[in-house]
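Chemist: This structure is in structure tokens; I'll ask about it shortly.
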Amino acid sequence: MSLLPFCEWLASTQWSIALHESLYAYPLIESSHVLGLLLFAGTIAMVDLRLLGVAFKAVPVSEMNARILPWTIVGAVVMIGTGILLFYAIPVRTYQSVWFRAKVIFLIAAAVNVWIFHKRVSRDRERWDAAPKPPLNARITAATSLALWAGIIVFGRMIAYNWFDCYRPQSNFVQWLAGCVVEASA
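Adding 473 to a residue's 1-based position in the sequence shown gives its number in the working numbering.
Shown next, in the form of structure tokens:
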């Protein structure tokens, strides 16, 4: 199942074309995406560093979450909204980007990591909430979160480069990975 036909249709809409060709809107959206990402990832990193027992040791995890979570939500809303608009502006190239696909995989893994933390690790948070160094499973989810968000940021940045774009000569593996549609040679 390929989303390419949907992305091709999306790319042909007036709003997608206007957004992609806009002198001001696209750069403004892209900059807002980076600012939302900074707010989101920065606040997540603060919580992860606390869970690792590296920073903010005197602050209970629950208190830190209560203070930071509203900012994290604002960052997430900005990041998701602008990310959808960035995809909408260049849907085919983005969909066929190896970097975008890696970013999506890391985003899914980050969501699973958050789910694991909330369903399994933080169940007994009252016991270790104020401890300077949380238990090993909390530290593992925090380290995993930091690694995944570092990957998401790097892969997101790499989307701008055309090293593996479908119109460039690529190996069969890269063409498969990017979902390139290759014409059969006669």
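Glycine included, each C-beta is placed from N, C-alpha and C at the ideal position.
Helix, strand or coil: how does DSSP classify Trp-488 here?
Modeler: In the structure shown, Trp-488 sits in a helix (DSSP, three-state: H, G or I).
Chemist: Comparing C-alpha positions only, which one of Ala-575, Ser-535, Leu-496 sits nearest to Leu-621?
Modeler: Closest by alpha carbon: Ala-575.
Chemist: Which of the three DSSP states, helix, strand or coil, is assigned to Lys-576?
Modeler: Here Lys-576 sits in helix by DSSP.
Chemist: Could you check what DSSP says for Gly-652 in three-state terms: helix, strand or coil?
Modeler: The answer is coil: DSSP assigns Gly-652 none of H, G, I, E or B.
Chemist: Expressed to the nearest angstrom, what Euclidean distance is found between the alpha-carbon atoms of Val-507 and Pro-500?
Modeler: So the two alpha carbons sit approximately 11 Å from each other.
Chemist: For Asn-645, does the three-state DSSP call read helix, strand or coil?
Modeler: Here Asn-645 sits in helix by DSSP.
Chemist: What residues in its chain sit with their C-beta under 7 Å from that of Phe-560, if we drop five residues either side in the sequence?
Modeler: Counting only Cβ-Cβ distances below 7 Å, and skipping sequence neighbours, we find Thr-567.
Chemist: Which full runs of the beta strand (DSSP E) of 3+ residues lie inside the segment 575-647, going along the chain?
Modeler: As far as the segment 575-647 is concerned, it has no whole beta strand (DSSP E) run of at least 3 residues.
Chemist: Below 7 Å CB to CB, which residues in the same chain sit around Ile-625 once its five sequence neighbours on both sides are set aside?
Modeler: Around Ile-625: Lys-576, Phe-579, Leu-580, Ala-583.
Chemist: Going along the chain, which residues of its own chain have a beta-carbon closer than 8 Å to the beta-carbon of Ala-657, five neighbours each way excluded?
Modeler: Unreliable positioning characterises Ala-657 in this predicted model, as indicated by a pLDDT of 47, which lies under 50. The coordinate reading is nonetheless provided below. Contacts found: none.
Chemist: Under 8 Å between the Cβ atoms of Met-552 and Gly-515?
Modeler: Contact flag unset, no.
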